[in-house]
Amino acid sequence: MCGIAGYFNIRADENLLLTMNQTMAHRGPDGYGDFSDELVGLTHRRLTIIDKVGGGQPMEDATGRYVISYNGEVYNYLD
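Counting in numbering that gives the first Met the number 0, the sequence shown runs from 0 upward without gaps.
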């Protein structure tokens, strides 16, 4: 099962994100990623089951304005 962690309303802190990510390393050995902006930080550990190539997180939209990290499955993702 994947792992997600983050913070809000804290100055960007890469060391905090790294610590959170390493703490949940057992949740997802197949990949990891993080995102930080002025007052938001997201980190993600990935357990690959279906989409082995894509699906890295956190994900940004084409403009880079929106970022999401989630644990779950997108039904009908092939469509």
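Using N, Cα and C, we set each Cβ at its ideal position, and we do this for glycine too. The model shown is predicted, which means the values in this text are computed figures rather than measured ones.
Beta strand (DSSP E) segment containing T42, residue limits | 39-45
Check whether the region 37-45 touches the region 4-12, taking contact to mean three or more Cβ pairs, one atom from each stretch, closer than 8 Å.
-> yes
Helix, strand or coil for A4 per DSSP?
-> strand
Environment of G63 [buried if 16+ CB atoms lie within 10 Å] | exposed
For M19, which residues of its own chain have a beta-carbon under 7 Å away from its beta-carbon, when the five flanking residues on both sides are left out?
-> A4, T42
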